[in-house]
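Engineer:
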Amino acid sequence: MSSFPVARPRRLRRTPALRRMVAETRISPAELVLPMFVKEGIAEANPVSSMPGVYQHTRDSLRKAVHEAAEAGVGGIILFGIPEVKDGTGAGADDPNGIVQVALRDLHSDVGDAIVLMADLCMCEYTDHGHCGIVTPAGEVDNDATLERYASIAGAQAAAGAAVVAPSGMMDGQVGVIRAALDQAGYSETTVLGYSAKYASAFYGPFREAAEGAPQFGDRSTHQQDPANADESLREVFMDLEEGADMVMVKPAGAYLDVIRRVRDAVDVPVAAYQVSGEYAMIEAAAEKGWVDRDRVINESLIAIRRAGADIILTYWATEVAQRLNNR
Ligand code: PBG
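Under full-length UniProt numbering, the letters of the sequence shown match residues 1 to 328, in that order.
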């Protein structure tokens, strides 16, 4: 009897061509979504210092960057707006002339439905206190008063040309209220992507600079999920589906791969995962120091999210990665 192995997994790893042929997981540009920031009243795009390569865009620079993403075959963009003036009710969020609505109309006239235009639906960028909703005199986020605002914001975003609205505030009942408001306003074809399993995460740190939406007091742990919980994510996901969500999201991605897998196995709708600002910043910072191989780590981080079960990945590297995939 031979003492040598008959089965040799290494045979399939021998050449790049073999490895490519047997790869179980692939990424294509169409499933990537680029998060973008547009700021009212600025003359030039403003670099976000904690996220090298990411900008607060002007209306014009946004149009250029969306054109570039569409050219590269990126599946969609998700837009965050930063208004010039903030107030207690986040009035800029549903103003037809608010920055996101104006920018959506620009983009819709530029690219139409050639790339999926998504709008993040929340209030934290628009409120002077930085919370995701209406705050009571006691300083708590008022769930049901906030739902009324979300309903109105959904209508404004749909009217401006958003194909998808993505409620990210983690208010109870948000998907149901938004679905009903859209249907009543004649937008029954507008899609709802629920940020269904969204954790109270420190990985959102750099985003708070990009979107200027840091809470001025307290935090978001009374509405976003505790990182200790995973079963709870399934409960949130099922509730959103019952309320009419067309797609669901897990956020952040890299530290929650188990949650992505469990959600993917449990539902029959597309599952998105958001590789958030802190995930981006950590890799960029380590690469800048020369401590990791930037492009390989980026690819590996995305493949891991895909392997865990995400159908759609929101990533700040979407355009770059799509261009790299096209040139291979
Ligand atoms: C809320 C929202 C946040 C992010 C996306 N939507 C911030 C928060 O919940 O505090 C974070 C995204 C990121 O970190 O990249 N509008």
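Ideal Cβ positions, reconstructed from N, Cα and C, are used throughout, including at glycine.
1) Looking at A228 and A253, is the spacing between their C-beta atoms short of 8 angstroms?
2) For S196, verify whether its CB is less than 7 angstroms away from any heavy atom of the ligand PBG.
3) Tell me the rounded alpha-carbon separation between I27 and A322.
4) Do you know how far the Cα of A163 is from the Cα of G76?
5) With the cut-off set at 8 angstroms, would you say L32 and I313 are in Cβ contact?
6) What would DSSP say about N299, mapped onto helix, strand or coil?
7) Check the C-beta distance from E72 over to T319 and give it rounded, since I have them as a contact under 8 angstroms.
8) Tell me, to the nearest whole angstrom, how far the beta carbon of I44 is from that of T58; I am working on the premise that it is less than 8 angstroms.
9) Mind checking who P35 pairs with in its DSSP beta bridge?
10) Report yes if the CB atom of H223 is closer than 8 angstroms to the CB atom of G169, and no otherwise.
11) Comparing C-alpha positions only, which one of A286, A160 and G41 sits nearest to D113?
12) Would you kindly work out how many angstroms separate the C-alpha atoms of I134 and V141, rounded to a whole number?
13) With residue 329 as the anchor, note down where its alpha helix (DSSP H) starts and where it stops.
14) Return the first residue and the last residue of the alpha helix (DSSP H) that Q56 is part of.
15) Helix or strand or just coil, what does DSSP make of V85?
16) Within this structure, are the beta carbons of L241 and V271 separated by less than 8 angstroms?
17) Are three or more beta carbon pairs between the stretch 276-289 and the stretch 192-212 nearer than 8 angstroms?
18) In its own chain, which residues sit with a C-beta less than 7 angstroms from the C-beta of A230, not counting the 5 before and 5 after it?
19) Please report the Cβ distance between G92 and Y126, rounded to the nearest whole angstrom; I am assuming they are in contact, meaning their Cβ atoms lie under 8 angstroms.
20) Would the beta-carbon of P47 be found less than 7 angstroms away from any heavy atom of the ligand PBG?
21) Taking only the alpha-carbon atoms, compute the straight-line gap between A285 and V38 and give it to the nearest angstrom.
22) Is there at least one non-hydrogen atom of the ligand PBG closer than 7 angstroms to the beta-carbon of D120?
23) Can you list, in chain order, the residues of its chain whose CB lies under 6 angstroms from that of Y256, leaving out five sequence neighbours each side?
24) Considering only the alpha carbon of each residue, which of P83, T191 and R324 lies closest to V116?
25) Return yes when the C-beta of S168 is under 7 angstroms from any heavy atom of the ligand PBG, and no when it is not.
26) Just to confirm, is the Cβ distance from I78 to E40 under 8 angstroms?
27) Tell me which same chain residues have a C-beta within less than 7 angstroms of the C-beta of residue 330, skipping the five on either side of it?
28) Any heavy atom of the ligand PBG within a distance shorter than 7 angstroms of the CB on G139?
29) When the Cα atoms are used, what is the spatial distance from V48 to Y199?
30) Between the C-alpha atoms of F238 and A310, what's the straight-line distance to the nearest angstrom?
31) For a test of your reading of the model: does the CB of Y204 fall under 7 angstroms from any non-hydrogen atom of the ligand PBG? Yes or no.
32) Please work out which residues of its chain come closer than 6 angstroms, Cβ to Cβ, to G291, disregarding the five sequence neighbours upstream and downstream, and give them in chain order.
33) Taking just the CA atoms, how far does T146 sit from D293?
34) Starting from V250 and walking both ways along the beta strand (DSSP E), at which residues does that stretch end?
35) Buried or exposed: R235, going by 16 or more other Cβ atoms within 10 Å of its Cβ?
Structural biologist: Here's the rundown:
1) No, they are not a contact pair.
2) no
3) 9 angstroms
4) 10 angstroms
5) yes
6) helix
7) The residue asked about is misnamed: residue 72 is Ala in this sequence, not Glu. The pair is a contact, with the Cβ atoms about 5 angstroms apart (cut-off 8 angstroms).
8) Note on identity: in this sequence residue 44 is Glu, with Ile being the wrong assignment. The Cβ separation is near 7 angstroms, so the contact holds.
9) P35 is bridged to I78.
10) yes
11) A160
12) 6 angstroms
13) Within the shown structure, residues of the chain are numbered from 1 to 328, placing residue 329 beyond reach of any answer.
14) Unbroken run through Q56 is the beta strand (DSSP E), Y55 to H57; no alpha helix (DSSP H).
15) coil
16) no
17) Of all C-beta pairs linking the stretch 276-289 to the stretch 192-212, three or more are shorter than 8 angstroms, placing the two stretches in contact.
18) Cβ-Cβ distances below 7 angstroms link A230 to D258, V259 and R262 in the same chain, with the five nearest sequence neighbours on each side left out; the list follows chain order.
19) 5 angstroms
20) no
21) Distance between the alpha carbons of A285 and V38 is about 24 angstroms.
22) yes
23) V250
24) T191
25) Flag set: Cβ of S168 near the ligand PBG.
26) Using a Cβ distance threshold of 8 angstroms, I78 and E40 do not count as a contacting pair.
27) The chain is shown from 1 up to 328; residue 330 falls before or after that span and cannot be answered.
28) no
29) C-alpha separation (whole angstroms): 23 angstroms.
30) 17 angstroms
31) yes
32) For the record, residue 291 in the displayed sequence is Trp; it is not Gly. So no residue of the chain qualifies.
33) 44 angstroms
34) M247 to K251
35) Exposed, because fewer than 16 other Cβ atoms sit within 10 Å of the Cβ of R235.
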